[in-house]
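Student: Have a look at this one.
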Amino acid sequence: MPVDPVCGIEFDEDLAVIHEHDGKKFYFCCNGCRRIFIKKPRKYKNNV
Ligand SMILES: [Zn+2]
């Protein structure tokens, strides 16, 4: 299961919000977490 790099929870891939950054796919539990990641990708991208 994917882990949200922003809030750290695990969730079903079917429910994920997907965002690509540096050629890598990141999965988020919701659009709010995705927006936080987009603002500060360097802070969160190593959390997965
Ligand atoms: Zn989240």
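According to this note's numbering, the sequence shown is numbered sequentially starting from 1. Glycine included, every Cβ here is placed at the ideal spot set by N, Cα and C.
Helix, strand or coil for F11? Go by DSSP, reduced to three states.
Tutor: As a position in the sequence shown, residue 11 is number 11, starting the count at 1. Of the three classes helix, strand and coil, the one that applies to F11 here is coil, per DSSP.
Student: Short of 7 Å in beta carbon distance, which residues of its chain neighbour C30, apart from the five on each side in sequence? Order them along the chain.
Tutor: To locate residue 30, count along the sequence shown from 1; it is residue 30. Answer for C30: V17, listed in chain order.
Student: Could you check whether R42 and H19 sit closer than 8 Å to each other, using their CB atoms as the reference points?
Tutor: Locating residue 19 in the sequence shown gives position 19, where the first residue counts as 1. Locating residue 42 in the sequence shown gives position 42, where the first residue counts as 1. With contacts defined by Cβ atoms closer than 8 Å, H19 and R42 do not form a contacting pair.
Student: What are the residues that DSSP puts in a beta bridge with V3?
Tutor: One-based indexing of the sequence shown puts residue 3 at position 3. Its beta-bridge partners are E10.
Student: How far does the alpha helix (DSSP H) with K45 in it extend, from its first residue to its last?
Tutor: Locating residue 45 in the sequence shown gives position 45, where the first residue counts as 1. Careful: K45 lies outside any alpha helix (DSSP H) and carries neither H nor E.
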